[in-house]
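**Student:** Numbering (my numbering), first residue to last: 1 to 113.
No residue lacks a Cβ here, since even glycine has one placed at the ideal position from N, Cα and C.
Only a predicted model underlies this, so the values are computations on that prediction, with no experimental measurement involved.
In structure tokens form, the structure reads like this:
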């Protein structure tokens, strides 16, 4: 296979001897990717997502409550302040109602309520 993709007459050392300005560029690339790999490797060891969550100190786990009328929702402090107000966490299910103005001719019969 010769031609544009795989020149047979040149090898890598000959190419680098002709274009000697590539040595500093290759050094910069090597250092850049080496530092990036080191940083990404160290970053994986420092992940602690539970450090950012500030649960309420009192009654944060409702299933541990003996109250028969417990709401069984997580509780958190407003703005993460432990001395602040304790709020119930919002529900995971969210519903939205959307009104669409369209004629009955443009809506398929399967979608009619």
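1) Pick helix, strand or coil for residue 139, following the three-state DSSP scheme.
2) Whose CA, out of 34, 90, 96 and 42, lies closest to the CA of residue 77?
3) Going by DSSP, which residues form a beta bridge with residue 77?
4) When the Cα atoms are used, what is the spatial distance from residue 40 to residue 25?
5) Suppose contacts are defined by Cβ-Cβ distances below 9 Å. Is residue 23 in contact with residue 16 by that definition?
6) Taking the alpha helix (DSSP H) that residue 65 falls in, what are its first and last residues?
7) Could you have a look at residue 91 and say whether DSSP puts it in helix, strand or coil?
**Tutor:** With the structure as the only source:
1) The structure shown does not extend to residue 139, since the chain spans only 1 to 113, so no value can be given for it.
2) 90
3) 86
4) 22 Å
5) yes
6) First-last for residue 65: undefined, no H or E at that position.
7) coil
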